Amino acid sequence: MVEILSRRRLSLASETGQLVGTILRTLRERVTVGTNLLEIDAWTAEMIAEAGAESCYVDYAPSFGRGPFGHVICTSVNDAVLHGLPRDQVLAPGDLLTLDLAVSLRGVVADSAISFVVGDDPAPADLAMIETTERALEAGIAAAGPHARIGDLSAAIGAVLRAAGYPINMEFGGHGLGSTMHQDPHVANAGAPGRGVRLRPGMLLALEPWVMADTAALRTDADGWTLRSATGCRAAHSEHTIAITRTGAEILTLPTA
1 MVEILSRRRL SLASETGQLV GTILRTLRER VTVGTNLLEI DAWTAEMIAE
51 AGAESCYVDY APSFGRGPFG HVICTSVNDA VLHGLPRDQV LAPGDLLTLD
101 LAVSLRGVVA DSAISFVVGD DPAPADLAMI ETTERALEAG IAAAGPHARI
151 GDLSAAIGAV LRAAGYPINM EFGGHGLGST MHQDPHVANA GAPGRGVRLR
201 PGMLLALEPW VMADTAALRT DADGWTLRSA TGCRAAHSEH TIAITRTGAE
251 ILTLPTA
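Just so it is clear: in the sequence shown, position 235 is 235 by the UniProt record's numbering, and no numbers are missing.
Laid out in structure tokens, this is it:
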């Protein structure tokens, strides 16, 4: 299903997006060396409850996971890149952490992810990988508009990732959203321009470039959720929810000023 939101629901989506962006910014400011992943989950649950919102992950039980997820945020560390199940793990200096959060507020969902290095001495390779996913995200957003096709966004994202030398996994990517977290269309992180669903004003899309340093292959943890690089290399992930407008695309998951 491809959901087209009314102007009123787009306004609600903007509020949800700001909430998601603000929570992620707060977590980034709060997380330090010695923070436990379960603390991050608890902090997030508290902020979601205070806003009168709901996490999209607690009852999330897709066919590829061992559901329900049972936590409110994904916390992926180092070689983990997607669906990191919060666990009793303390963050160490130099850990590469990805936080992925999807929230529903008044019936409209927004989804975003950030990656950053914990501590004061980040490895240049980690920073380069994070920066590449951010640039790929910017390229995908720039390609979005009411006359574009999904393939245009995928091609723009993939061009940045490939130019930086990263393999691209095609199993997981971006997606539509609205009243639920995962909807059509799928937005792969590489593709051919001019193909796929044509974008329309009122569509919400979550674009999420992610890469692993030296492989495109994933393995699943014993927890049934956490996806890691098959080689043990590190990974990064950036994501925004955007609304397609009559003139282009608006980023919804920016924090409040």
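Ideal placement from N, C-alpha and C gives every residue a C-beta, glycine not left out.
The structure presented is a predicted model; accordingly, all values stated were derived computationally and were not measured.
Simplified DSSP assignment, three categories, for residue i
i, result
"Gln18", "helix"
"Val108", "strand"
"Val103", "strand"
"Pro68", "coil"
"Val160", "helix"
"Pro124", "helix"
"Thr226", "coil"
"Leu153", "helix"
"Ser115", "strand"
"Gly140", "helix"
"residue 298", "This structure gives no information on residue 298, because the portion of the chain shown stretches from 1 to 257."
"Ile251", "strand"
"Glu171", "coil"
"Leu96", "strand"
"Glu54", "strand"
"Leu24", "helix"
"Ala190", "coil"
C-alpha distance - residue i paired with residue j, whole-angstrom precision
i, j, result
"Gly196", "Leu207", "15 Å"
"residue 306", "Ser238", "Any property of residue 306 remains undetermined from this structure, which presents the chain solely from 1 to 257."
"residue 259", "Arg149", "For the chain, the structure presents residues 1 to 257; residue 259 sits outside this window and is missing."
"Ser76", "Leu99", "7 Å"
"Leu10", "Glu134", "24 Å"
"Arg219", "Asn169", "12 Å"
"Gly145", "Gly34", "43 Å"
"Pro93", "Arg162", "29 Å"
"Thr22", "Ile141", "20 Å"
"Arg106", "Asp126", "37 Å"
"Asp41", "Arg8", "31 Å"
Pair within 7 Å by beta-carbon distance, residue i and residue j
i, j, result
"Ala156", "Ala139", "yes"
"Asp3", "Gly178", "According to the sequence shown, residue 3 is Glu rather than Asp. Cβ distance < 7 Å, so Glu3 and Gly178 count as in contact."
"Val81", "Trp225", "no"
"Pro193", "Ile244", "no"
"His240", "Thr256", "no"
"Gly165", "Gly191", "no"
"Val118", "Asp95", "yes"
"Cys74", "Gly84", "yes"
"Leu37", "Ser112", "no"
Contact set for residue i: own chain, Cβ-Cβ below 7 Å, skip 5 residues either direction
i, result
"Thr215", "Pro167, Ser229, Ala230, Thr231, Cys233"
"Cys56", "Ala102, Val103, Ser104, Val109, Met181"
"Leu5", "Ala13, Gly178, Gly202, Leu204"
Beta-carbon contacts of residue i that lie in its chain and below 8 Å, excluding the five residues immediately before and after
i, result
"Val58", "Pro68, Phe69, Gly70, His71, Val72"
"Tyr60", "Gly67, Pro68, Phe69, Met181"
Where the beta strand (DSSP E) containing residue i begins and where it ends
i, result
"Ala49", "Careful: Ala49 lies outside any beta strand (DSSP E), inside the alpha helix (DSSP H) at 37 to 50."
"Val187", "183 to 187"
"Gly174", "174 to 177"
"Arg219", "218 to 220"
"Cys74", "74 to 77"
"Thr241", "240 to 244"
"Val211", "210 to 212"
"Ala206", "204 to 207"
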